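Chemist: Before anything else, here's the structure in question.
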Amino acid sequence: MNQKQDILVIDDEHTVTQAVAKICGSEGMMVATAEHAADALKQLENNEFRLMLCDIMMPELNGFQFLEELVRRGIHTPVIMMTGYSTVENAVKSLTSTGAIAYIPKPFTADELLAIVNCSLRCSTLLEEADSAGLEHSRAMSYVPSPANYYRLGHISWALMEDEGTARIGVSDLFMKSIDGIREFELATTGDELLQGIPCGQATTLDGLTHEIMCPLSGQVIEVNDDASSNPSLVEKDPYFRGWLYRVLPTNPKSDLQWLSL
Amino acid sequence: MLLNSKIGLRLTFGAVLTILIAIAIFAYFNIQSQNRTLLTEVERHATEFSEHLKSDMRYDMMHADRSRIQAGILRIGSQETIEIINVFNKDGEVIYSSDLSSVGKMVTIEAATCFRCHLTGEPLKNLKKQEHVRIFRHAPDSQRTMGIINPIYNEESCWTANCHAHPESQTVLGVLDVTIPLTEVDETIRQSQVAITMLAISAIIVLSVMIGFLVRWWIDRPVRDLLTATREIAGGNLNYRVEVKREDEIGMLGKSFNSMTDNLADARLQLFQSDKLASLGRLAAGVAHEINNPLTAVLTNSSYLLKRSEGSPEMNDDLKVIVSETIRCREIVKSLLDFSRQTVPKKRKADINQIIHRAATVVENQLSMRQVELVMDLDDALPSATVDANQIQQVFINLLVNACDAIGDGGGTIKVSSKVISLGPAGTLQIKRALCRKRHDLVDRKVQVDGKPAISMRFRKGKQTGLIHLDPMYGSSGHQLGDMPDLKEDVDLMCPDCSASLIAEGETCPQCGSPIYVFEVPLKGLVQGCLQSGCGWHRWEQADSAWDDEYVEIQVTDDGCGIPKSQLPKLFEPFMSTKGQKGTGLGLAVTWGIVDNHNGTIVVDSEVDVGTTFTIRIPVGI
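Set out below in structure tokens:
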């Protein structure tokens with residue numbers, strides 16, 4: 000096996016792979032490109048990558064089928080899904096698919112790309128460390144076990160159904176660890192409507208990048224945790240309890256929850 | 000063939016045939032009765048004449064003055080109205096006659112004059128009065144003639160007279176036979192026959208023409224109009240309307256037909272728009288995908304350059320424009336996807352009146368510039384509805400801008416009103432679960448009524464048994480009763496799974512007396528309904544009382560130029576603009592899509608040069 004490269008970009012649009020390669024390359028990352036899933040699978044036979052960026056809409060094998068193929072071949076490399084056909088369904092499906100850890104709608108700016116790539120690379124590293132530390136093998140789901148009854152959207156955010164019919168929403172510890180030192184949170188306000196799979200807030204990090212927080216559950220915000228927004232470190236320290244972000248009134252919990260994992 | 004295909008012609012033909020028969024019978028009996036009256040009159044006259052003649056001759060007979068008798072008969076018989084006067088003796092010999100050549104001639108017993116009395120062996124002594132008269136023709140082609148025989152009876156003065164001419168034993172001494180030609184009478188009869196026939200024929204013609212005309216006017220034309228309308232509608236022209244001028248059943252039929260067509264047109268429009276918007280959605284999704292890839296290249300490269308060009312302010316500024324404009328493109332594509340239902344509307348409770356006010360604020364400047372006055376008539380008690388406030392605001396902005404454009408530069412008034420209305424569950428609520436007493440679901444997904452899964456039940460009547468399928472739309476009655484026997488008879492309904500009875504015992508439909516079925520909708524109580532297909536009686540207390548769906552109705556009315564009728568059906572189609580180059584043609588399509596997304600309806604009513612009204616109904620929701 001050859002040396003481990005950083006990123007593999009898979010997209011049938013040559014301009015997109017080139018742009019991603021240029022931007023990530025400028026940050027010192029080693030980037031390989033593939034024009035379709037078969038090409039990517041071929042490269043994966045000989046090389047190992049820390050991260051992959053994959054388009055959803057591709058001829059022959061599409062992005063989701065590619066992910067299935069990765070699972071079949073036992074390749075655990077984390078994948079960021081990209082698509083120009085940005086729908087809630089695509090976003091949620093990406094984040095709940097085995098192997099995909101993030102989702103970015105096209106078109107994106109260089110900063111948006113770098114934010115998600117950095118975050119995902121760090122996440123990937125953390126998962127590798129967890130691997131070598133001998134933690135369970137199904138990785139993203141068990142990195143730091145979240146408390147019982149917490150529904151998770153990928154490794155990004157969680158939702159906890161409460162007895163009163165409301166739900167609490169927060170971000171996972173893995174997400175917090177993946178982004179580098181939070182400077183501030185930009186959150187929705189009370190009364191706002193959140194949609195599953197659509198950003199419900201942004202976290203700006205010390206490096207100046209902005210990371211979108213994908214919302215795990217659709218609902219109307221009835222309370223925002225002011226402690227968390229005024230003191231971001233609280234979320235870093237205790238993301239599952241005192242560091243929650245929103246209390247919402249879910250609009251469609253039944254169908255939303257089936258996308259989430261316990 | 001023609002009769003079979005034209006109801007008017009059939010009706011006319013039937014009526015004319017009836018009249019023809021009636022008038023013909025009437026004319027026939029009328030002529031008969033006139034004939035009889037005339038002949039009776041002539042007969043009476045002739046009999047009287049014969050009697051007078053007899054009494055006139057009496058004196059001469061008594062004196063056996065033969066020459067005077069003969070002279071008198073000659074004189075009287077020479078009148079034009081008399082053909083001949085004969086007097087026979089008992090032996091059949093003509094003893095006096097107005098025709099002298101006949102005197103002395105014998106007649107046989109078979110002669111018309113004699114046979115009435117001498118028909119049987121013994122001669123009749125007394126002949127009935129009407130039998131004195133006989134009508135005959137001398138030759139088959141000659142005129143009719145009336146003969147009156149008047150027997151001269153023996154009497155005391157005859158056998159006691161000096162001449163002793165007649166023995167006492169003789170009853171009938173002779174017969175006076177007067178023959179009168181019926182020429183004049185027959186002529187009168189003929190004339191009256193002609194007159195009555197002419198009258199009958201003209202009556203038939205006049206009545207036929209009138210009936211034909213009336214049938215054509217009252218039945219044929221409206222039926223033909225309806226038929227034309229039906230053909231037009233069937234051919235897809237849902238704008239066609241029947242002209243209703245009357246208040247009778249056909250007028251009502253026309254009205255019902257028009258309202259049915261209205262509903263059909265509305266439904267088709269909504270369906271058509273759904274379809275159109277779905278196509279637009281697919282198109283937009285395709286376009287978004289195609290455009291997002293090149294946009295990605297532009298955005299990534301330009302933002303990458305922007306990051307690297309911090310040392311060069313001039314280039315930096317230019318790149319900022321490229322980046323921000325590309326981001327704007329991204330937002331446009333995203334909103335296109337939003338509109339085309341690729342994203343779910345973000346619905347929550349909102350005050351529609353407040354949304355109207357917000358929309359008004361947005362277009363305020365535009366309105367005041369064009370001297371358009373905005374009149375609000377909003378219901379303060381309007382319940383809040385579950386809507387996507389931004390999308391609904393877009394709807395009002397679109398409608399207000401359209402109204403403003405319709406008014407033009409001359410100034411005018413836009414009226415916005417809101418109110419709450421209630422529409423009942425009947426006809427709008429589909430029953431999706433129906434349980435028997437033992438909790439078996441009766442909804443049968445394999446059988447559909449009107450495209451929806453039917454409610455199936457088993458019937459039993461004597462030894463006959465089978466399945467029936469009820470209409471699942473509450474309050475509708477398009478039941479498929481299959482080969483179930485007559486409803487009036489004692490039919491039992493059962494659950495197909497467990498045979499639990501589904502008949503409401505001891506109850507019948509208050510409208511048509513048919514049996515009533517009953518089943519339970521889980522958590523929502525018992526539903527009863529009439530089994531008769533087409534009756535539609537129903538009772539569902541929970542739905543009837545509590546489920547009147549509330550809708551917020553908003554009307555936007557302007558007094559602008561109006562929209563021609565021909566353009567109304569296309570109004571909500573994408574890329575349809577009445578504003579020429581000014582509009583994109585997407586405003587109303589988007590409006591329609593948003594309202595449809597909220598399970599609402601939008602209807603337009605417009606008259607050229609009078610104004611336009613858009614009516615939106617949005618369910619209040621939970």
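Protein chains in written order, with numbering that gives the first Met the number 0: chain Y, 0 to 261; chain V, 0 to 621.
Even glycine gets a Cβ: it sits at the ideal position worked out from N, Cα and C.
What you are looking at is a predicted structure, and each value in this text was computed from that prediction instead of being measured.
#1: According to DSSP, is Ala-63 (chain V) helix, strand or coil?
#2: If the cut-off is 9 Å on Cβ atoms, which residues from the segment 285 to 303 of chain V count as contacting chain Y, listed in chain order?
#3: Taking C-beta pairs closer than 7 Å, name the residues in chain V that Glu-22 (chain Y) reaches, listed in chain order.
#4: Closer than 9 Å, CB to CB, is Arg-357 (chain V) near chain Y or not?
#5: State the Cα-Cα distance for the pair Gln-580 (chain V) and Asn-352 (chain V), rounded to the nearest angstrom.
#6: Name the two residues that bound the continuous alpha helix (DSSP H) containing Phe-63 (chain Y).
#7: Between V:Thr-299, V:His-537, V:Leu-335 and V:Val-93, which has its C-alpha nearest Asp-318 (chain V)'s C-alpha?
#8: Just curious, the beta strand (DSSP E) that Trp-157 (chain Y) is in, first and last residue?
#9: Return the CA-CA distance between Leu-38 (chain V) and Arg-189 (chain V), expressed in angstroms with no decimal places.
#10: For Thr-464 (chain V), which residues of its own chain have a beta-carbon under 7 Å away from its beta-carbon, when the five flanking residues on both sides are left out?
#11: Locate the beta strand (DSSP E) running through Ala-99 (chain Y), then write down its first and last residues.
#12: For Phe-48 (chain V) and Ile-84 (chain V), what's the separation of their Cα atoms in angstroms?
#13: What did DSSP end up calling Glu-135 (chain Y) once you bin it into helix, strand or coil?
#14: Which residue wins for smallest C-alpha separation from Ser-156 (chain Y), given the options Y:Glu-222, Y:Gln-195, Y:Ile-79 and Y:Val-30?
#15: Tell me whether Gln-269 (chain V) sits in a helix, a strand or coil according to DSSP, three-state version.
#16: Do Ala-114 (chain Y) and Pro-104 (chain Y) have their C-beta atoms within less than 9 Å of each other?
#17: Taking the straight line between their C-alpha atoms, what separation do you get for Glu-128 (chain Y) and Arg-49 (chain Y)?
#18: Between the alpha carbons of Thr-209 (chain Y) and Met-51 (chain Y), how many angstroms are there, rounded?
#19: Take the Cβ of Met-197 (chain V) as the centre, count every other Cβ of all protein chains shown within 10 Å, and call the residue buried at 16 or more, exposed below.
#20: Among V:Pro-514, V:Gln-510 and V:Met-251, which has the Cα closest to the Cα of Ile-502 (chain V)?
#21: Let me know the secondary structure DSSP gives Arg-240 (chain Y) once reduced to three states.
#22: Whose C-beta lies closer than 8 Å to the C-beta of Val-419 (chain V) among residues of the same chain, with five residues either side of it excluded?
#23: Spatial neighbours of Arg-281 (chain V) within its chain, please: C-beta separation below 7 Å, excluding the five flanking residues on both sides.
#24: Closer than 9 Å, CB to CB, is Asp-110 (chain Y) near chain V or not?
#25: For the structure I just gave you, are there three or more beta carbon pairs, one from the segment 209 to 224 of chain V and one from the segment 27 to 47 of chain V, closer than 8 Å?
#26: For a cutoff of 9 Å on Cβ pairs, would you count Ile-354 (chain V) as touching chain Y?
#27: In whole angstroms, what is the alpha-carbon distance linking Val-30 (chain Y) and Thr-14 (chain Y)?
#28: Relative to the alpha-carbon of Gly-481 (chain V), which residue among V:Glu-324, V:Cys-508, V:Gln-510 and V:Val-448 has its alpha-carbon at the smallest distance?
#29: Strictly under 9 Å for the Cβ-Cβ distance: is Val-322 (chain V) near chain Y by that measure?
#30: Where does Met-51 (chain Y) sit, in a helix, a strand or coil, going by DSSP?
#31: Whole angstroms are fine: how far does the CA of Leu-126 (chain Y) sit from the CA of Leu-216 (chain Y)?
#32: Pro-58 (chain Y): buried (16+ other C-beta within 10 angstroms of its C-beta) or exposed?
#33: Using a beta-carbon distance cut-off of less than 7 Å, what residues from the segment 219 to 231 of chain Y approach chain V?
#34: Would you mind working out which of V:Gly-409, V:Leu-268, V:Val-332 and V:Arg-57 sits nearest Leu-294 (chain V), comparing C-alpha positions?
#35: Once DSSP output is grouped into helix, strand and coil, what is the label at Glu-183 (chain Y)?
#36: Going by beta carbon distance, what residues of the same chain come within less than 6 Å of Ile-321 (chain V), once the five residues before and after it are set aside?
Modeler: If we stick to the structure as given:
#1: coil
#2: Gly-285, Ala-287, His-288, Glu-289, Ile-290, Asn-291, Asn-292, Pro-293, Leu-294, Thr-295, Ala-296, Val-297, Leu-298, Thr-299, Asn-300, Ser-301, Ser-302 and Tyr-303
#3: The amino acid at residue 22 (chain Y) is misidentified as Glu; the sequence shows Ile. Those are Thr-299 and Tyr-303, listed as they occur along chain V.
#4: no
#5: With a pLDDT of 49 at Gln-580 (chain V), under the threshold of 50, the modelled position of this residue cannot be trusted, and the question is left open.
#6: 62 to 71
#7: Correcting the residue identity first, residue 318 (chain V) is Leu in this sequence and not Asp. With distances taken between Cα atoms, Leu-318 (chain V) lies closest to V:Thr-299.
#8: 156 to 160
#9: 13 Å
#10: Arg-457 and Phe-458
#11: 99 to 104
#12: 11 Å
#13: Note that Glu-135 (chain Y) scores a pLDDT of 49, beneath 50, so its modelled location is shaky; the value from the coordinates is reported in the next line. Looking at Glu-135 (chain Y) - three-state DSSP - the assignment turns out to be coil, as it is neither helix nor strand.
#14: Y:Gln-195
#15: helix
#16: no
#17: 12 Å
#18: 20 Å
#19: exposed
#20: V:Pro-514
#21: Checking the sequence shown, residue 240 (chain Y) turns out to be Phe, not Arg. It is coil, neither helix nor strand.
#22: Asp-378, Ala-380, Leu-381, Pro-382, Glu-549, Tyr-550, Val-551, Glu-552 and Val-619
#23: none
#24: yes
#25: no
#26: no
#27: 14 Å
#28: V:Val-448
#29: yes
#30: strand
#31: 25 Å
#32: exposed
#33: Gln-219
#34: V:Val-332
#35: strand
#36: Ser-301
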